[in-house]
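With our numbering as the guide, the letters of the sequence shown map in order to residues 1 to 403. The beta-carbon is built from N, C-alpha and C at its ideal position, and this holds for glycine as well. Worksheet: the structure to be examined is printed underneath.
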Amino acid sequence: MGVTVQTSEINHSEVSSNNSAPENRKNGIGESIADAVINLDHGDPTMFEAYWEKMRERSAVTLLGSQSLSYFSDPKNLCWFLEPKLEQEIKRLHTIVGNVAIEEGQYYIVVGTGSSQLIQAALYALSPPDAAATVVCAAPYYSAYPEVTDLVRSRRFEWGGDARSFERDDEPFIELVTTPNNPDGVIREAVVNRPHGSVVYDLAYYWPHFTPITAPANHHLMLFTFSKCTGHAGSRIGWALVKDKEVAKKMIKFMEVSTIGVSKDSQLRAAKILGTVSDSCSTGADIENFFVFSRNILKERWNRLREVVKAADLFTLLKYPTQYCRFAKDMTDTVPAFAWIATKGEEDCAEVLKKHKILGRGGTKFGVGKQFARISLVSKDEEFNLLLQRLSIIQGTDDLNYE
Ligand code: PMP
Numbered sequence: 001m002g003v004t005v006q007t008s009e010i011n012h013s014e015v016s017s018n019n020s021a022p023e024n025r026k027n028g029i030g031e032s033i034a035d036a037v038i039n040l041d042h043g044d045p046t047m048f049e050a051y052w053e054k055m056r057e058r059s060a061v062t063l064l065g066s067q068s069l070s071y072f073s074d075p076k077n078l079c080w081f082l083e084p085k086l087e088q089e090i091k092r093l094h095t096i097v098g099n100v101a102i103e104e105g106q107y108y109i110v111v112g113t114g115s116s117q118l119i120q121a122a123l124y125a126l127s128p129p130d131a132a133a134t135v136v137c138a139a140p141y142y143s144a145y146p147e148v149t150d151l152v153r154s155r156r157f158e159w160g161g162d163a164r165s166f167e168r169d170d171e172p173f174i175e176l177v178t179t180p181n182n183p184d185g186v187i188r189e190a191v192v193n194r195p196h197g198s199v200v201y202d203l204a205y206y207w208p209h210f211t212p213i214t215a216p217a218n219h220h221l222m223l224f225t226f227s228k229c230t231g232h233a234g235s236r237i238g239w240a241l242v243k244d245k246e247v248a249k250k251m252i253k254f255m256e257v258s259t260i261g262v263s264k265d266s267q268l269r270a271a272k273i274l275g276t277v278s279d280s281c282s283t284g285a286d287i288e289n290f291f292v293f294s295r296n297i298l299k300e301r302w303n304r305l306r307e308v309v310k311a312a313d314l315f316t317l318l319k320y321p322t323q324y325c326r327f328a329k330d331m332t333d334t335v336p337a338f339a340w341i342a343t344k345g346e347e348d349c350a351e352v353l354k355k356h357k358i359l360g361r362g363g364t365k366f367g368v369g370k371q372f373a374r375i376s377l378v379s380k381d382e383e384f385n386l387l388l389q390r391l392s393i394i395q396g397t398d399d400l401n402y403e
């Protein structure tokens, strides 16, 4: 069984905020499963491996030694390092899913090394040249935003915390809106709504396996990530859809200066994978629909998790509304990639979990109290089953059988 604890030495809040604890440095090898620590601190999307294992041949990419020599992909494109095939597959998938009004041809696509790089590029592009913009997001916010904003202590922008507390009419701001939200899966809108500001929509989870697609999004600047769409976090591909040409140009400049573009190899792989997902959604497809497959797993996990949480009286979970999904052509509900759990009292939720060898991420990292914690629900089956067993023990309901 592949239940491991330590996966990375990288010091980034999304991948490793809990990894420095010495007890996490062991792995599952040689340990009994009952003793293994399950690391659900980061949202490592290994759940999707089951689908891609089935699509092994269909999604394989062969790269020849003679490929990817040039820095340039398409000198005629504003984003000169964007591979034409990737651009085509991004547009095709958005059109099939209906999550973006892309067919109107009003967006410049900027590719990035994950959407993490694009967040930085967007802050650079949207901040005014002569004053520092305050970067805000309504709490609970994605824990990487403060770190990404303040890492290099730029004079162009600085982290300002919870968007609901931002009340300065005369100051430039950039609001980050994550919808559905990480950590809590809630559908959101901008909250500041004042002059002198810009809004960046982080739509990492606006895909039909996680949430109903209620309308095509058409905001000025939207971010998407390959990591959460198909599960290929390791390929490090994200894309921004940008209406304003000058903003797109500045983001491209950021990418040019920081990494001279984005790996062509990864872009070609992403194009192949996104193409396979689109193929799987076509009418009469001979392969299983990727979003239906993934949604079914998440739905089942949520049902089982709710059953365990309900069986005792220690934690609470949020409820999500059911809405009409344009993609599923049916009523569906949100089944987030993370569970945002809270202790009913004032206990430190992450500490309670840790005592039972479950690593989650505590609420303070998301700008709220320690009675909250986020745990990933997109790990492999073994880890998820173990999570339910551990939760049952905490809650004294371990007579339930979760195999
Ligand atoms: N935005 C949100 C809301 C996320 O949850 C994540 C990944 N955890 C990212 C951005 C960054 O994704 P990427 O892997 O593309 O850098």
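Within 9 Å (strictly less), CB to CB, does residue i reach chain C?
{"i": "N289", "result": "The structure shown contains no chain C, having only a single protein chain."}
Mind checking which residues open and close the alpha helix (DSSP H) that includes residue i?
{"i": "R304", "result": "F290 to K310"}
{"i": "V352", "result": "C349 to K355"}
{"i": "S116", "result": "G114 to L126"}
{"i": "T95", "result": "P84 to V97"}
{"i": "W159", "result": "Here W159 belongs to no alpha helix (DSSP H); instead the beta strand (DSSP E) covers F157 to D162."}
{"i": "D150", "result": "A144 to D150"}
{"i": "Y51", "result": "E49 to K54"}
Taking the alpha carbon of residue i as the reference point, which residue from the options has its own alpha carbon closest?
{"i": "Q106", "options": "H220, D265, I394 and F293", "result": "H220"}
{"i": "A312", "options": "K299, I375 and I394", "result": "I394"}
{"i": "R58", "options": "K250, V262 and D279", "result": "D279"}
{"i": "A138", "options": "P180, L388, G238 and D330", "result": "P180"}
{"i": "T211", "options": "K249, S294 and L391", "result": "S294"}
{"i": "I109", "options": "K249, A373, V368 and T276", "result": "K249"}
{"i": "E175", "options": "I213, A163 and A121", "result": "A163"}
{"i": "F166", "options": "V192, T149 and D202", "result": "V192"}
{"i": "Q88", "options": "Y51, I273, D286 and M255", "result": "I273"}
{"i": "S235", "options": "L40, D35, V152 and P45", "result": "P45"}
{"i": "P321", "options": "S263, I187 and V368", "result": "I187"}
{"i": "G238", "options": "I252, D244 and S115", "result": "S115"}
{"i": "T113", "options": "E351, D333, M255 and F72", "result": "M255"}
{"i": "A50", "options": "E288, D333, P216 and G160", "result": "E288"}
{"i": "V61", "options": "K329, A270 and K370", "result": "A270"}
{"i": "P195", "options": "F366, H42, K245 and E171", "result": "E171"}
{"i": "S282", "options": "V247, F327 and E53", "result": "F327"}
{"i": "G160", "options": "P183, S143, A133 and A144", "result": "A133"}
{"i": "K355", "options": "L391, Y324 and G345", "result": "L391"}
{"i": "F226", "options": "L118, Q323 and K253", "result": "L118"}
{"i": "V404", "options": "K329, L353, D330 and F291", "result": "The chain is shown from 1 up to 403; residue 404 falls before or after that span and cannot be answered."}
{"i": "W207", "options": "E383, D333 and T364", "result": "D333"}
{"i": "R306", "options": "K380, L387, T364 and A350", "result": "L387"}
{"i": "L86", "options": "K365, V368 and V111", "result": "V111"}
{"i": "T276", "options": "L40, K54 and K329", "result": "K54"}
{"i": "S143", "options": "S379, Y71, P183 and V152", "result": "P183"}
{"i": "S447", "options": "K370, T343 and I260", "result": "There is simply no residue 447 to check, as the chain begins at 1 and stops at 403 in what is shown."}
{"i": "V242", "options": "S68, A101, G345 and H42", "result": "A101"}
{"i": "T230", "options": "D41, F48, Y201 and A240", "result": "F48"}
{"i": "Q371", "options": "C349, F384, Q389 and D381", "result": "C349"}
{"i": "A233", "options": "D35, H42 and A34", "result": "H42"}
{"i": "N218", "options": "L151, K228 and E189", "result": "E189"}
What does DSSP give as the partner residue(s) for residue i in the beta ladder?
{"i": "N77", "result": "None; N77 has no bridge partner."}
{"i": "N385", "result": "Beta-bridge pairing links N385 to no other residue."}
{"i": "I109", "result": "L241"}
{"i": "N39", "result": "L359"}
{"i": "Y324", "result": "M331"}
{"i": "V247", "result": "DSSP, once it has assigned bridges, lists no residue as partnering V247."}
{"i": "T316", "result": "A342"}
{"i": "L223", "result": "D202 and A240"}
{"i": "G197", "result": "F173"}
{"i": "T285", "result": "In the sequence as displayed, the identity of residue 285 is Ala instead of Thr. Paired residue(s): none; A285 is not in a bridge."}
{"i": "V368", "result": "Answer is none; V368 lacks a bridge partner."}
{"i": "V217", "result": "What sits at residue 217 in the sequence shown is Ala, not Val. Bridge partners of A217: V100."}
Tell me which residue opens and which closes the beta strand (DSSP E) that residue i is part of.
{"i": "S376", "result": "F372 to S376"}
{"i": "V61", "result": "Here V61 belongs to no beta strand (DSSP E), and DSSP marks it neither H nor E."}
{"i": "I341", "result": "F338 to T343"}
{"i": "Q267", "result": "No beta strand (DSSP E) contains Q267, which is instead part of the alpha helix (DSSP H) from K264 to C281."}
{"i": "E175", "result": "F173 to T178"}
{"i": "A405", "result": "What is shown of the chain runs 1 to 403, which leaves residue 405 out entirely."}
(request) Please write down, chain order preserved, every residue whose beta carbon lies under 6 Å from a heavy atom of the ligand PMP. (result) E14, G43, G114, S115, S116, Y142, T178, N182, D202, A204, T225, S227, A233 and G238
(request) Determine contact between the segment 146-156 and the segment 335-346, defined as no fewer than three beta-carbon pairs at a distance below 8 Å. (result) no
(request) Determine, using beta-carbon pairs with one atom in the segment 124-136 and one in the segment 79-99, whether at least three such pairs fall under 8 Å. (result) no
(message) Does the structure place the segment 260-273 close enough to the segment 72-86 that three or more beta carbon pairs sit under 8 Å?
(response) yes
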